[in-house]
Amino acid sequence: MDRLLRLTAVPAFADNYIWLLANASGDAVVVDPGDAGPVRAALARDQLRLRAILLTHHHADHIGGAAELAAEAGATVYAPVDARIASADVRVGDGERVELDAPRLRFEVIAIPGHTLSHIAYFGHGLLFCGDTLFSVGCGRLFEGSPAQMLASLDRLAALPGDTLICCGHEYTQANCAFARTVEPNNEALAARSAQVETLRAQGAATLPVALDVERACNPFLRIDSAALITAFDRHSHADRVGRFAELRRLKDHFRMPAP
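Numbering of the sequence shown is given in the UniProt record's numbering, commencing with residue 1 and proceeding in unit increments.
As structure tokens, this is what we get:
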């Protein structure tokens, strides 16, 4: 990430992160502001001017504060093509670019259906704002898309540069690590990430952003083609990669954190 940019994970609701990216001049962009209040407070605290709002998908906990913030700041709202997002000024789709003059930022738009059919990500300046598609050591639930769609979306994200910082929408990493260790108990990178996450959460600190290289090493949803997952899921007759992914997602849907 450009050293002149300042990235802040603004907590909201129980476990959401609203991402705030600002330049040295105080111009800012916010990603998925589900709640206007925490964003308004962060802008005031750091004396920032909100110039643009980027939305990844239509769920209320990601867009709920967008219209209010846009009206207050005169900010432009960028969103996927989806009638369920009523507050958009500019609709963007796969392969298009969001080019902002203030702050001077450029983002590539990547279509990543699966969690929702119209879900998009914004990639630029070494950062990936991926909403609820890719989480640290996990991925989003399939509310609208198919396993094949979600796996294809994750494949696209996994192909980005390894030093890309993943900025996702929720603090789910601790539970995701607990589940992943049931799938790959001998994965040393996963064990290291899990220990790091335990320390961070005990301190009340965020586990994000995280480098894509770390995710490739320990996120089972990015490791569908690894020998460990092929061996584990072949026992259940899920020999093709989409089948392995679907079964992995099904198991995660029913996983519960063990009691302390």
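For each residue, glycine too, the CB sits at the ideal point set by N, CA and C.
Short of 7 Å in beta carbon distance, which residues of its chain neighbour L50, apart from the five on each side in sequence? Order them along the chain. Locating residue 50 in the sequence shown gives position 50, counting from the first residue. A28, V30, L43, L69, A73, A75.
Burial state of D132, where buried means 16 or more other Cβ atoms lie within 10 Å: For the purposes of this step, residue 132 is identified with residue 132 of the sequence shown, where counting begins at 1. Counting every other CB atom within 10 Å of its CB across the protein chains shown gives D132 a total of 16 or more, marking it as buried.
Taking the runs of the alpha helix (DSSP H) that are 4 residues or longer, which of them lie wholly in the region 165–193? Annotation: the region 165–193 contains the following complete segments of the alpha helix (DSSP H) (minimum length 4 residues), in chain order: 173–183.
Which two residues bound the contiguous alpha helix (DSSP H) that contains V81? Reading the sequence shown from its first residue, position 81 is the one you call residue 81. Per DSSP, V81 belongs to no alpha helix (DSSP H) and is neither H nor E.
Would you mind stating whether V109 and V81 have Cβ atoms separated by less than 7 Å? As a working note, residue 109 is residue 109 in the sequence shown. As a working note, residue 81 is residue 81 in the sequence shown. 7 Å or more divides the Cβ of V109 from the Cβ of V81.
Ignore the nearest five residues each way along the sequence and tell me which others in P38's own chain have a CB closer than 7 Å to its CB. By one-based count along the sequence shown, residue 38 stands at place 38. Excluding residues within five positions, the ones whose Cβ falls inside 7 Å are V10, P11, A12, I18.
Identify which residue in T56, D240, R3, Q47 has its Cα closest to the Cα of G140. Start at 1 with the first residue of the sequence shown, and residue 140 comes out as number 140. The shortest C-alpha to C-alpha distance from G140 to any of T56, D240, R3, Q47 is the one to T56.
Distance, Cα to Cα, S118 vs S136? Residue mapping note: residue 118 aligns to position 118 of the sequence shown, counting from 1. Residue mapping note: residue 136 aligns to position 136 of the sequence shown, counting from 1. Whole-angstrom Cα-Cα distance: 21 Å.
What is the C-beta distance between L134 and C168, in whole angstroms, given that I count them as a contact (C-beta under 8 Å)? Here residue 134 corresponds to residue number 134 of the sequence shown, with the count starting at 1. Here residue 168 corresponds to residue number 168 of the sequence shown, with the count starting at 1. Contact between L134 and C168 holds, with the beta-carbon distance rounding to 6 Å and staying under 8 Å.
Give the DSSP bridge partners of G114, in chain order. Reading the sequence shown from its first residue, position 114 is the one you call residue 114. G114 is not bridged to any residue.
My output table needs one value for R250: the three-state DSSP class, helix, strand or coil. Start at 1 with the first residue of the sequence shown, and residue 250 comes out as number 250. In the displayed model, R250 falls within a helix according to three-state DSSP.
So which of F233, L21, T116 has the shortest CA-CA distance to L165? Position 165 of the sequence shown holds residue 165. Closest option to L165, Cα to Cα, is L21.
With DSSP as the reference, identify every bridge partner of P11, one or two as the case may be. For this step, residue 11 is matched to residue 11 along the sequence shown. For P11, the pairing in a beta bridge is given by DSSP as Y17.
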